[in-house]
Each structure stands twice: as C-alpha cells, then as structure tokens.
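6 protein chains.
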Amino acid sequence: MARLRSIWLQELTWEDVADYLRTDDIVMFPVGSTEQHGPAGPLGLDSYAAIALAEDAAEKAGVLVTPPLWFGDSPHHLDFPGTISLRTETLVAVAKDVIRCLARKGFKKIITVNGHKGTNIAALTTACRSLHQYELPAVLIALVDPMYLAKGIAHIKEAVEHHAGELEISHVWHKYPHLIRSDKLTSEHVGLEPILSPFVHRDLLGKSGDTIEIFWNSAEQKGFAPDGSFSNSSKASPEKGQKYHEYMVEKLVEFIDWLRKYEGPIGRG
Amino acid sequence: MARLRSIWLQELTWEDVADYLRTDDIVMFPVGSTEQHGPAGPLGLDSYAAIALAEDAAEKAGVLVTPPLWFGDSPHHLDFPGTISLRTETLVAVAKDVIRCLARKGFKKIITVNGHKGTNIAALTTACRSLHQYELPAVLIALVDPMYLAKGIAHIKEAVEHHAGELEISHVWHKYPHLIRSDKLTSEHVGLEPILSPFVHRDLLGKSGDTIEIFWNSAEQKGFAPDGSFSNSSKASPEKGQKYHEYMVEKLVEFIDWLRKYEGPIGRG
Amino acid sequence: MARLRSIWLQELTWEDVADYLRTDDIVMFPVGSTEQHGPAGPLGLDSYAAIALAEDAAEKAGVLVTPPLWFGDSPHHLDFPGTISLRTETLVAVAKDVIRCLARKGFKKIITVNGHKGTNIAALTTACRSLHQYELPAVLIALVDPMYLAKGIAHIKEAVEHHAGELEISHVWHKYPHLIRSDKLTSEHVGLEPILSPFVHRDLLGKSGDTIEIFWNSAEQKGFAPDGSFSNSSKASPEKGQKYHEYMVEKLVEFIDWLRKYEGPIGRG
Amino acid sequence: MARLRSIWLQELTWEDVADYLRTDDIVMFPVGSTEQHGPAGPLGLDSYAAIALAEDAAEKAGVLVTPPLWFGDSPHHLDFPGTISLRTETLVAVAKDVIRCLARKGFKKIITVNGHKGTNIAALTTACRSLHQYELPAVLIALVDPMYLAKGIAHIKEAVEHHAGELEISHVWHKYPHLIRSDKLTSEHVGLEPILSPFVHRDLLGKSGDTIEIFWNSAEQKGFAPDGSFSNSSKASPEKGQKYHEYMVEKLVEFIDWLRKYEGPIGRG
Amino acid sequence: MARLRSIWLQELTWEDVADYLRTDDIVMFPVGSTEQHGPAGPLGLDSYAAIALAEDAAEKAGVLVTPPLWFGDSPHHLDFPGTISLRTETLVAVAKDVIRCLARKGFKKIITVNGHKGTNIAALTTACRSLHQYELPAVLIALVDPMYLAKGIAHIKEAVEHHAGELEISHVWHKYPHLIRSDKLTSEHVGLEPILSPFVHRDLLGKSGDTIEIFWNSAEQKGFAPDGSFSNSSKASPEKGQKYHEYMVEKLVEFIDWLRKYEGPIGRG
Amino acid sequence: MARLRSIWLQELTWEDVADYLRTDDIVMFPVGSTEQHGPAGPLGLDSYAAIALAEDAAEKAGVLVTPPLWFGDSPHHLDFPGTISLRTETLVAVAKDVIRCLARKGFKKIITVNGHKGTNIAALTTACRSLHQYELPAVLIALVDPMYLAKGIAHIKEAVEHHAGELEISHVWHKYPHLIRSDKLTSEHVGLEPILSPFVHRDLLGKSGDTIEIFWNSAEQKGFAPDGSFSNSSKASPEKGQKYHEYMVEKLVEFIDWLRKYEGPIGRG
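Residue numbers (the numbering used here), protein chains in the order written: chain L, 6 to 274; chain Y, 6 to 274; chain V, 6 to 274; chain F, 6 to 274; chain S, 6 to 274; chain H, 6 to 274.
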C-alpha cells in the first residue's frame, strides 16, 4: 500500500485514516491472548500469531490493522504464572466497543483475526453476531481463526496438535525466532482420552470423530499437564512455521480480495 | 430405571430427587430453541431434538433430566414470525443459574444437551467453562451437540445440510411425526458461497475446507432464504431420522456409561 | 380455533404463525417454576398450573401460546433437591427477551401467565413495566397470576393456603392426576406467626390484615418446614381443582374477550 | 431514646453509631420517590411519607434511621415535569448496597420503609430476598409499605384511593401542611375499568375482586390523567392524615417491639 | 426567586416545575455521602456540604435543586459503623437515571454538586461524560466539587487538609452547628508519606508535588487512622466555615450566571 | 535485570515468570488509548507514552511489564476517524481482570501506568479502588499518570498544554521520532474559556484556578477543534520530550525503589 506510511492504525494520524476511508473500508482487528504456552513458547504466542497474520496479510492486501488486543479468554491457564485472562463477558465488551468505533466513522468490512485457536471464539462470535443483528446491519463482520483457516495445510505437521503444539510453536518460531525456547521443546504429549473421555476433540488442527466437550479448569490442567504443554512439539521448525504462516496469509489475502469486490447482501443494511 | 417414576425431574417430588441423589449424581439439561425451521419444520424443532435425545438416553441409561429450556440464541431468525430468541447473555445467565442449582444439592455430573446445532454453543460454552473455572470446580460439566456427536452417521444424508436440512427434519419426523409438514419439504437449497464467501462452512454435518465466518442478520436471511429453509430436505424421512436419532442416543448412553465409571481428574475439585 | 393445527406455537411452522398474525395479535406466555412442592406435589407444579391455564384458555378463546418457561424465581426452596431457580435478574432478562421477540413480528397483546403464585411477580412486573415504558409502547402487556385471579373462588378451600396448599395441589391433581402423590398429603400446617411476625401474610388466597414482609431463605425454610409443605393439603381433591381451574380459565377467557375488543389507550403507542 | 442525640444516622458521628450497636441492632431505611402527585401534592410525597413513618416510629421505639432515598421506581410518571425515576435495576442496586453496608458493621434487623405505595415493591423485594438468600443469611430484613400496613385504617377514607388519593394527600397534609396545595384538591377520579379492564385493581387501599395487571406507560397516563391525579382527593384532611399516620406508626412500633424480642429462626444464619 | 414557593423540587408540584421550565432550564443535583468523618463530624457531612452549597446558590441565583442523594462512593470508610457506601457502578447508575429524567422534560443545564471531596468524582465523571456523549448531546452537564472550586479560598486554613479536616468541619459547623462535636476536634494528623509513599497527594485543598496514587481499603484505614480523622481539625471554626462556604456559593452563582447567558457550542446537540 | 531475557511478560515463558516471582513481586501494566492527537500526533500517542514510561522504568528498576492495553476511554474523540474508545465500564472490566490474574499467582505490587493524561482515570480508579477494597486486600495497587507525575518538569514547556500539546508531542517525538508529523505542528490553540466557562481547567500540566467541569462530546469537539489539536505544539521538540520522559522515568524508578523496600500497612491484607 503505497499511499499509507504504515498498515498499523496506531502509527498514523487521524487524517491518514480519513484519507484511507475515502477509498477503502476494510480493517483487521487482531485478538490474541497472554497465556502460558509450555516451557518453549512465549506467553504472548497467540497474540504474536494474530499480529503476524494480520500484518502480513495487510501488507499484501493493502488494508489497515488496528492495534492488537493482547488479552483473550484463557481461564484454564490461570494456574500458570504470567497468564492474563479476560472474563468472557469482558472480551465480548471489548470486541463490541472496538468494532462499534471502527464502524462509526466508515469502516464497513471488519475482520477480527483471532490468534487464540478456538478459545476466544465464544466471546468473539457473541460480539460479532450480536452487533451485526442489533446494531450494525450495514457493516460486514468476519472472524478468522487458524483452527479453521489452516485445515488445508495441517497435513504438514507430524504430531497430534493441541495446546502448545507443533504448528503454533513453528509459527512463532518462523516470525519471531528469539521468542521460542527451542531447547525446551518436548516430545511428550498428554493423552486426553482418559481425562476427557473417548469423545474428546483431540487434534485441534486435525480430524476428529464424534465429540462431546468436557470443560476443565486451570487447577485440573496444572495437574494433568504440569509443564503447560499438551502436545509433542519436538517436530516444530521455522520451516514448518513458514509454510503454515504463508498458507494462512495467502488464504486471508484471497478473502480480502473477495471482500473488496463483494456486492452480496451482507452488510448492505 | 425401575426406582423412579419418571426420568423427568419436574414430574417427581423433591423426595424422589433426594432418593436419586443417594446413589446417582448425573443429570441432563436439554436446551433447544424456538425458531423458524422453514415451511416444513416446527418452530420448536431444536427443542424437540434436545428433548428426544435426552429423554431416550435417560431412559436407557437410567438418569434424570431437567425440564427443557425452549428458548435459545437465534437472532438471525428473528424476521420470521414465531421465532423467540434469547440474547446470548441471557442464555448464559439461564444456563449458569440452572447448573448452579443442580450442583447445590449434589448433582456432580451435568450434561447440557443442545438441540440447536451450533448456534447455542457460544452461550453454553461461556456458561459451562466459566462455572467450572470460577464457581464449581467439583462438578464435571459436559456439552453435547448433534453437530459434533453425529459425525459418524452423517453419511446417511444425501444433501448438503444446513438450516432446516435433511437430517434435522428427519429427526423430528421420526420422533414427532405430526409436527412435520411433509407436504412442504423442499428440494431447493441456498448456495451460500456468493453470499458468505468461498470460505463458508457450508455443510453443518459434513466436511468443510478452510473456513472464515461472516455473520448475517435476520433481515439478510429473510432476503436470501425467504421461506426459511437453507437446505434440500426432499430426501428427509422418518427412517433416516430413526438412524440418526438412535446413533446419537447410543453415543450419549456410551458417554454416560463412561461418566458413571469415571475416576479421572475433572470435577474432583 | 379451527384454523390452526395447535394453540402451541412450538408445534407450528413460522408460516402458520404468520397466518395467525394476519387477523389476530394476542398470545400467552406461561411462566412457572421448578421448585419443591412438598411430599405430594411435583417439582413442576407451578409450571403445570401455568401451562394448564394458558392451554385451556387458549383453546376456548382461540389464541396462541408460546412454549412455557419451566424455571422461575424460587431461592427460598433451594435447599430441597430438584429445585431450579433463576436469579431475579435472569428471569427479568428472559421475560424481556421473549416479549421483545413476540412484539417484533406483530403480537400486540401479550399476556404473561404466571403459575408461581406471587413469587415470580417481582421479576415479571419489572420486565413488563420496563418494556412497556421504554421499548414497546405500542404493545399491551398483561400479567395474570392465580393469587390475584382466583379470589372469587378461593372460598371453596377449607384450609389456610400457603406453599403446597389445598388449592394448588387440587389444581394439578385435576389436570395431571398422575403427578400428585395423594398418599403423601398432609394435615399439618406451619404456623408462620411466631416465625414471621403477627404481620405475616398467612393465607395467599385469603384475606389478610395489616402485613409486613419478612424475607426468609432456603436454609431457614428447610428448618421450619422440613418436608417442604407449609399447608394442610388433606382436603385437596381433583373436584376442587376442577372448580378452581375452570373458574380461572373462565376469567382468563373473559379477559381475552375484553382484550380482543379493546379500543382503549393502552398499547396505541 | 435518651442515649442518642438523634434518631437520624446522618446527624451522628460514627462513634455514636458504634455506641448504639453495643446494645441495639435495629435500623430503618426509608425509601420514597420523586414523582408527580397531581396539582395538590408535592413531588416528594412518597418520600415524605416514608420519612414521617420512619422518624416517628423511631422516636417512639428508640431505633436508628438511615438517610432517606428520595428516588424510587416511577416510570409511568415520567411525562410530568419534576418526576425523577430510577430504573428498577438501579433501585435494586441501591437497596442492596445500603443494606450490605448496614449489615457489615452489626445491624442485624433492617427494616426498609417504603413510602411509595406498591410501585417500589418489585425492586425492594428483589433486593431484600436476594440479599437474605445469597449474602446475608444472618440478617433479618423486613419490608413495610402503607398499602399493606394500613388495611385496618383504610375504612376512614370516603373515596376510592389510587394515585394522589385521599389518604396519601391527608398524610402529608398532617405532617407537612405547607406542602399541600389544598386549593388544588379535586373531586374528579379516573375510571380505570375502560382503560385497564374490569380486572383492574382499582382501590390501592381497599378491597378488590379478581385482578389482572395491565401495565401503562407515562405517555398513556398523561393522556388518561392529564393533571396527574387518579383519585378524588376532595375529602382529604389533616385530621384523616393524622389518624392514618398514627395508625401506621403504632403498627410499626408494635412490629419493632416484636422484633426486639424475636428469637425465631430468621436471621440466625 | 419570587415565582416559586421553594427552590427544592420535592416541595413543589409538577405544575410548579412545568411553570419553571417555561422560562428556565437550569437545575442542580446535590450528591453527598454517608461516611464517617471522625469523632467530631457527622456521618452526613459531605451530604450537608452539597445541600448547603446547592441550596444557598439556588436561592441567590433563582434556580431549582433536586432532592439530594445521601449516599456516595466511600468504600475505604466501611469499617467505621454508620458508613453507607454505594458501589461505584451503582452511583453511576443513579446519577445517569436522575440526569436522564431531568433532561426528559426540559432541563437543559444540569449541575451535579458533589459534596464528597474527590471520592465521588470517578462515578460522577463516568455518568456525566457518557450521558453527554451517547444519550444527551443537547444537555449541558457540569460537575462542581469543593476540592476544585475552593482553591482560591483554601489559604485561610492553617493545617494540612485531608479527610475530616479543618475546612470541611468548619463548613458544616457554620451551616449546621448542632452537628459538630466541637469537644472532639483533634490536633492530630496522620502522616501519610510512610504509608502511601512520598508521592502521596497529602493536602486535598492545597498544593502537591508529583503524585502517584496508592489505593487503601477500609481495614487499612481503620488501622492507620483509628478514630477516622486524618487531619488536624483543631483550628476549625464557624467563621472559617462561613468564609469557605460563601466563597464557594459566590463562585457557583457566578457560574450559574455565566451559564444562563451561555450561547456556546456545548449542549446545542 | 540480568536474570530475565526481557522485561516484557509476553516475550517470556511462564517458567520465566515463575522464576521472577520467587524473588520479586512488582509488575507494571501500561494503559494507553487509540485516539486522534491532531495532525501531527499518531493515534496511538497515549499508548506509546505508557509503553515508553513502563519499559524504560522497568529496564532501570528491573521489574516486569505486562503487554499494553492499546484502548482507553476516549468518547470525546470519536468523531475523528481512527479513534477506538472503550466504554468506561469496559475499561473498568479489563483493568479488573488483568489485575486479578496478576494477583492470582503472586504479583503483590501492581502499578497501572496510564499514558492517557487524566481521561482514563475514572475507569482505572474505579477498578483499582474496588479491587483493593473488595477482592484483593493483600495486593498493593498504584496508579501513575503523567498529568500528576510530571508536575516538577512541566515548567519546561512554553505553551498552555491541553490535548495534543507541546509536551506530549515532544514525548513521542523523542522516543518514536518517525511517528510525529513535525510538518504538521501548529501554533494555534483553542481558547476554551468561551466554550467551557472561565472555570475551565485550561492547562493539564499547569496551574489552574477554581474549576468546574463541563463535559463535551465528540461532535462538539469536532466543531471547536476541527483538526483535533487543542494546543500550540509549535514549541515541541525531541529535546523537551527527552527531559520530560527522563524526569518521569526517574520518578517512577524512585517510586519502585520505595515500593521494593515498603513495609507499611497497605497490601498486608
């Protein structure tokens, strides 16, 4: 995007944003978490994932990105020092407020980019669905999450992927190599079936059979996964991270391109 | 269950429930919706689905069921007369209150049975996760939904299944035949890709590729699906409904049996 | 009502409801509770009362009924297993959401039928009054409760009537005979004056002198009424239940007839 | 009460209150409203009623009174200038906060004195019941209201009493004669049956038959009672006010005396 | 103000207020607290301060005053008997409701007069700012507080002034002499630097250097200021109170006069 | 701080934080805003201020910093594109959640560093005061703001400083030079007295006389300050920014050093 000095809204003046809005109306809002990611991953891993995806897709697609939200919905990690979790209703409130403000002055297509695989989804869905139904019928609101966007590339991983797994470690390793303690990668994984039933959704980036959800809390998690990692991360690598990242960026850019030309019914409000 | 006169808690006296709790601690809470299901399906379809699953599994497994909640989170159907939707935060509050009361006098394993494929999941996840983390560490809370439980049987359907689709119509047709207007089944389906992008999750009971969610509201839905149905229901039949139902009941009973013998860490709080 | 296949909204399709709304605009919303009613009454007693009143009045008057809400505001019963109580604010929220949705597509006269004598009134009054003042001036909202509607028939009872008393037991006995444990009726009653002062409102369906309310909680109630019943129910009978029921249904039908012809100022908004 | 310089808590120092709590534990909390009371009554009428009752009963019984809350729940009067109404949920919150603080340092018997006949009851009941159940089992909470306390004296009035009626005007006339515009008393009354159905509760201080509540809003009320009064106040007099007031004060003192000796189960928490 | 019988809204009829609004649109809303003010000051001190300021300025300027709110935001005083504190969110809700009602029928310039130096400011700012931004752009809302209004007269005091200090004691002594226990004045003051750091804001009515706020709670305060007073009040006198009071009244009247002629942009909404 | 690889918590693993907590218990939480700062300042200016202060003080003092919150309470800027404001209650909720999580695993001294001069104070005070009173008596919570911390250095500025003024522009210019559009500095300033009365607080970093607050909204602000700046920024310079920054960092480090040795009563809970 030649026109703007930065894709990051916080680095621009309001006049820069006003300029952008004369011809464009797309913006991304990255939402992460600050939660433990095992001995090898940084507490900000999910936030870095959202930031990296939004930033690189924005550079390619020429759209703006808001400042990131570094805090997500992570109650089950609260017994590991450093985890900072918003209550679900707080995250709903933040997402609603951010999107309302963006919509107020002319953003019409707002893409929430979640870096926190799955776990923020309840809050973000609540916020986005409610806003579009009751307050912002004239705004198209989308929600992106690696757990759903990366299905086509997940085959590159070698291990079952759950929390602090091979691909999410690889992702940050590729983009922010100094943040991964590669000496702390692990080949252990937590067998979840005895804990959460044979109906557990065991591989967040893979296939699963019939599933039933059992909720666990942070004290229980500290018990069954004492070092914080659920997954074998020993096969993680920056190279895998690069493939995984570039795949998602490409998909996200495809989506933005589709959105730019969109003339369908959603958000015509 | 010889001992009790009914699996339905509302038909019993408090002394009956006290008796039950002397030896058992499992209960199911069925949650549905009152929302349009096209010209052929009754407004209560999702509630009937939850009631039927809970009732038949309870009879087989010998556990109690609370009265159903007939109202779910259905904002996108509000432009069809008869739809009654709770706000997401209201549904969270109801689910929390119900589970708190059950836990108070000794239910230790509480299974929320959602009949409303997917759409209630944000609220129910919010309620269950938050309760188990912050208030009820000593209670195991599970969440069942046909969208996740019926993966192993979904292959019997012939059409892409979205709202008011082949299997959910079949389900109610099997259990409550007088509630299906079989003369109003349709072979139309709404092509969602032009509306919701190529990244749409098109088959709620089937495979999907990389997906990104775009939220739509009730006015838009009335526009793109004016009769309320999204899906080809012409291949629906009570026979398919029976297979679908019995598969899920069997899985749910398997889960309850597993739960009964459970000695794992969750809910030891 | 020849035209409709059922007075229950949940059994109809949205097109059926749309048809109804072309010529009618009245609907009833039954609200009960799931709370202990002594050794003889089912936990769902209040819900059954609301359902029976709404259903029979609807059949006679030819109006629609929404699915019932099985949960009410019953904190003082929480120490009896099986009681499921919503917080007052949750009940307010549910009632508001239900009425908003009904109003949205054209119901203009909405009758909340409370089966839970008195105790739900704070929440339902809060919801109805607030909605009509601030959101739905063009909708007439009414609230029916046996405690106020049955004054003219209360003389048929022989005992002081408080919780789990002669008439409410009789009511369900008449309509749902299998739900009453007639072998568990009691001739005991709890003398409330020493507990709640001489200013207690002792007979919910009878006269009272100057009253002052003292609030009691579930632990205290378990102490002073250990089997859950406050009242002598030994004179209950299906015959009394029939008179009581038919009286209220007749009054409710009279009210609906009056409402149908109403041209007064309320709800002209 | 020789010991204290004032029955009004706000006039005392904290050390005075600490002294009081060494031997006593009863306090009254007066709640009124600021709402129109027709051309003859002051906007603060309900607050003056609560203040007068609490003050005179406190002087006689030797107990403390908190500062009054001048604002109640009066949405239906909002179209008359000068009315200031709290939302129901705000009034609940205020009442809870006040009672919590009183309980914190040792008040064990807290009497809420409502001067706003009936209309504040939903909020005050919600606050008191919820506090005693969930937070303050060791505090006895009572609720006094002229509509229920004055039944035994209501026979002295000559007219049907509804808003701005004979006895409530008389009450303030007796205690605060300069606040009544006696030149503006009216012999008109609003016939409520055509407006609110034959099931209306027409006489707030008298008998009523079978009733059903229809909620009205402030715009409607401005239409059917344009000067704000519902009732014939022409027979009001300071003499009637004195009888009415003294009767209620006597009853309230009786209640406080009963409470002082109370050893029953409530509030033993 | 010749025209009106009282500056206190609660003493007037709604017709009086309607008259006032034909030519005027200014009103004051006094907000105080009920919190301990040491051995010499009454619990209602802040409320009396707000009442006195509003009343005397209203008499001089000829404007109306609403009934006072006797309860403020005083959590740090809760361990002293008699303190009654609203939660911050409750105070926000009350202030919003009061201002909304005033605005509804034509008050266009609403002055909140806070008597509770500083401590209510968070809640009152939240309420006023939010209302003017989101709901009442056509109403000018102002906030007055002695801590900011009395800078020009603070030099008359001789001691460092913090809670229960020289000038606030003097203020009430001047206006309500019977409410001050002059035998209990103290020459002690609490040295806050060792407790709250050298960056403490030590003199609420005086100069301060670079400050950082450390929050303290009621248990800690009971520890470091066991008699409730923070400040040397031995130099308090009715004469100082008169100067302090008259200065603020004069400033407030100047402000009202300015407001009356105001044609600027705020509140033109 | 030799021991840790970063002062930023999000860059560390949970084990790093656990190590830190073995010997330390201080953490800073930077809170900014995303709001217009005139033609020369970036939208993230307040966030950059908070980040810079926290980061440099943390490096010097050897303490940890949480990820920043980029969104504050900025309703009056909402009519300038790019402004993203949380509702006050949302900011309260976020601050409470963050501080609760930090406290949960052992941070005992939590310093909120506000970069948004004054405007976030209502929310942050509400959160911190309420937490310390009701939930976290054993945690010391402090609040830092340039408006109060920089009094001793404010004399270096040459102009009256209000929004987008000389020193805040200088601050970011010093730390993040590429973010200031120095070609857009202005010598204009908005004379606030005619708009907000002679009682306006005109210089946020300077002396003021007797003040009364009038709240303005975003539409009004767009009118009286159309380019977003209130202040003459023409004298801004990186050199002034350096002095201003270093002064505050020095003070903050002094405070942290004091806190480290603190043995006083606050937070002993």
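Glycine included, C-beta positions come from ideal geometry on N, C-alpha and C. Keep in mind it's a predicted model, so treat the numbers as computed, not measured.
Mind checking Asp-262 of chain S: buried by the 16 CB within 10 Å criterion, or exposed?
-> That one is exposed.
Grouping DSSP H, G and I as helix and E and B as strand, with all else coil, what is Val-22 of chain V?
-> Note: Val-22 of chain V maps to helix in three-state DSSP.
Tell me whether Ala-147 of chain F sits in a helix, a strand or coil according to DSSP, three-state version.
-> The answer is strand: DSSP assigns Ala-147 of chain F an E or B state.
Identify each residue in the stretch 213 to 233 of chain L for which the Cβ-Cβ distance to at least one residue of chain Y is less than 7 Å, and report them in chain order.
-> Here the close residues are Gly-214, Asp-215, Thr-216, Ile-217, Glu-218, Ile-219, Phe-220, Trp-221, Asn-222, Ser-223, Ala-224, Glu-225, Gly-228 and Phe-229.
Look at the alpha carbon of Leu-91 of chain S and the alpha carbon of Arg-27 of chain V, and state the distance between them as a whole number of angstroms.
-> Cα to Cα, Leu-91 of chain S sits roughly 50 Å from Arg-27 of chain V.
Thinking C-beta only, is Leu-58 of chain H closer than 9 Å to Pro-182 of chain H?
-> Taking C-beta atoms as the reference points, Pro-182 of chain H and Leu-58 of chain H fail to come closer than 9 Å.
Verify the CB distance criterion: does Lys-114 of chain V have a CB-CB separation below 9 Å to chain Y?
-> No, because no Cβ of chain Y sits closer than 9 Å to the Cβ of Lys-114 of chain V.
Could you please give me the residues that DSSP links to Phe-220 of chain L through a beta bridge?
-> Bridge partners of Phe-220 of chain L: none, in fact.
In terms of DSSP beta bridges, what is Trp-263 of chain H paired with?
-> Trp-263 of chain H pairs with nothing; no bridge assigned.
Please report how far the alpha carbon of Tyr-249 of chain H lies from the alpha carbon of Pro-203 of chain S, in whole angstroms.
-> The straight-line gap separating the alpha-carbon atoms of Tyr-249 of chain H and Pro-203 of chain S is approximately 20 Å.
Just to confirm, are Glu-148 of chain S and Val-103 of chain S a CB contact at a threshold of 9 Å?
-> A small fix is needed here, since residue 148 of chain S is Leu in this sequence, not Glu. If you check the CB distance, Leu-148 of chain S and Val-103 of chain S do not come in under 9 Å.
Provide the residue span of the alpha helix (DSSP H) that contains Ile-56 of chain V, from first to last.
-> DSSP places Ile-56 of chain V in the uninterrupted alpha helix (DSSP H) bounded by 50 to 66.
Please determine, among F:Tyr-252, F:Gly-196, F:His-168 and F:Leu-145, the residue with the shortest C-alpha to C-alpha distance to Leu-190 of chain F.
-> It is F:His-168 whose Cα lies nearest to the Cα of Leu-190 of chain F.
Report all residues from its chain with a CB closer than 8 Å to the CB of Val-165 of chain L; omit the five preceding and five following residues, and keep chain order.
-> Only His-194, Arg-207, Asp-208, Gly-211, Ser-236 and Asn-237 meet the Cβ criterion.
Cys-133 of chain V CB to nearest chain F CB: under 9 Å?
-> Yes - at least one Cβ of chain F is within 9 Å of the one on Cys-133 of chain V.
Can you tell me the Cβ-Cβ gap for Leu-145 of chain Y and Lys-113 of chain Y, rounded? I've got them flagged as a contact below 8 Å.
-> In this structure Leu-145 of chain Y is in contact with Lys-113 of chain Y, their Cβ atoms being roughly 7 Å apart against a cut-off of 8 Å.
For the stretch 64 to 94 of chain L, which residues have a beta carbon sitting closer than 8 Å to at least one beta carbon of chain Y?
-> Answer in chain order: Pro-80, His-81, Leu-83, Arg-92, Thr-93 and Glu-94.
To the nearest angstrom, report how far apart Leu-17 of chain Y and His-160 of chain Y are at their CA atoms.
-> The alpha-carbon atoms of Leu-17 of chain Y and His-160 of chain Y are separated by roughly 39 Å.
Does the ligand MN have a heavy atom nearer than 8 Å to the CB of Leu-48 of chain V?
-> Of the ligands one can find in the structure shown there are none, so the ligand MN has no counterpart to examine.
Name the DSSP bridge partner or partners of Phe-34 of chain S?
-> The partner list for Phe-34 of chain S (beta bridge, DSSP) reads S:Thr-117.
From this set, L:Val-22, L:Pro-80 and L:Ala-241, which residue's C-alpha is nearest Ile-360 of chain L's C-alpha?
-> For residue 360 of chain L there is no data in the structure shown, the boundaries of chain L being 6 and 274.
With 9 Å as the threshold, decide whether the Cβ of Val-22 of chain F is near any Cβ in chain V.
-> Val-22 of chain F does not count as touching chain V.
Since I believe Thr-131 of chain S is in contact with Ala-62 of chain H (beta carbons under 8 Å), could you give me their beta-carbon distance rounded to a whole number of angstroms?
-> Incorrect: roughly 29 Å between the Cβ atoms, too far for contact.
So is Pro-182 of chain Y in contact with chain V if we call contact Cβ pairs under 9 Å?
-> It does not: the Cβ of Pro-182 of chain Y has no partner Cβ on chain V nearer than 9 Å.
Closer than 8 Å, Cβ to Cβ, to anything on chain V: give me those residues from the stretch 33 to 45 of chain F, in chain order.
-> Cβ contacts with chain V: none found.
Tell me, which residues are paired with Trp-13 of chain S by DSSP?
-> Bridge partners of Trp-13 of chain S: S:Val-70.
Taking Ala-147 of chain S as the query, report the chain H residues whose CB atoms sit under 7 Å from its CB, ordered along the chain.
-> Those within 7 Å of Ala-147 of chain S in chain H are Ile-217, Glu-218 and Ile-219.
Can you name the residues of chain L whose CB is closer than 7 Å to the CB of Gln-5 of chain H?
-> Because chain H here runs from 6 to 274, residue 5 of chain H falls outside it and cannot be looked at.
Exposure label - Gly-196 of chain V; buried when at least 16 CB within 10 Å = Exposed, by the Cβ-count rule.
For Thr-124 of chain L versus Asp-84 of chain L, is the C-beta spacing smaller than 9 Å?
-> No, the pair does not count as a contact, with Cβ atoms beyond the cut-off.
With distances taken from CA atoms, which of F:Val-36, F:Glu-255, F:Gly-67 and F:Arg-265 is nearest Val-3 of chain F?
-> Any question about residue 3 of chain F goes unanswered here, given that chain F covers just 6 to 274.
Should His-138 of chain L be flagged as near chain Y, meaning a C-beta pair shorter than 9 Å?
-> First, the amino acid is wrong: residue 138 of chain L is Gln here, not His. Output row for Gln-138 of chain L: interface = yes.
Continuous alpha helix (DSSP H) stretch holding Trp-178 of chain H: start and end = Segment 171 to 180, the alpha helix (DSSP H) holding Trp-178 of chain H.
Using the Cα positions of Met-6 of chain L and Glu-173 of chain L, report the straight-line distance between them to the nearest angstrom.
-> Low per-residue confidence applies at Met-6 of chain L: pLDDT is 43, beneath 50, and the placement is therefore not dependable, though the value from the model is reported in the following sentence. If you take the alpha carbons of Met-6 of chain L and Glu-173 of chain L, they lie about 28 Å apart.
For Leu-52 of chain F, count neighbouring C-beta atoms within 10 Å of its own C-beta (all shown protein chains included) and say buried if the count is 16 or more, exposed if not.
-> The identity of residue 52 of chain F in the sequence shown is Ser, whereas the question assumes Leu. That one is buried.
First and last residue of the alpha helix (DSSP H) that includes Arg-109 of chain S?
-> In the DSSP annotation of this structure, the continuous segment of the alpha helix (DSSP H) that includes Arg-109 of chain S starts and ends at 93 to 109.
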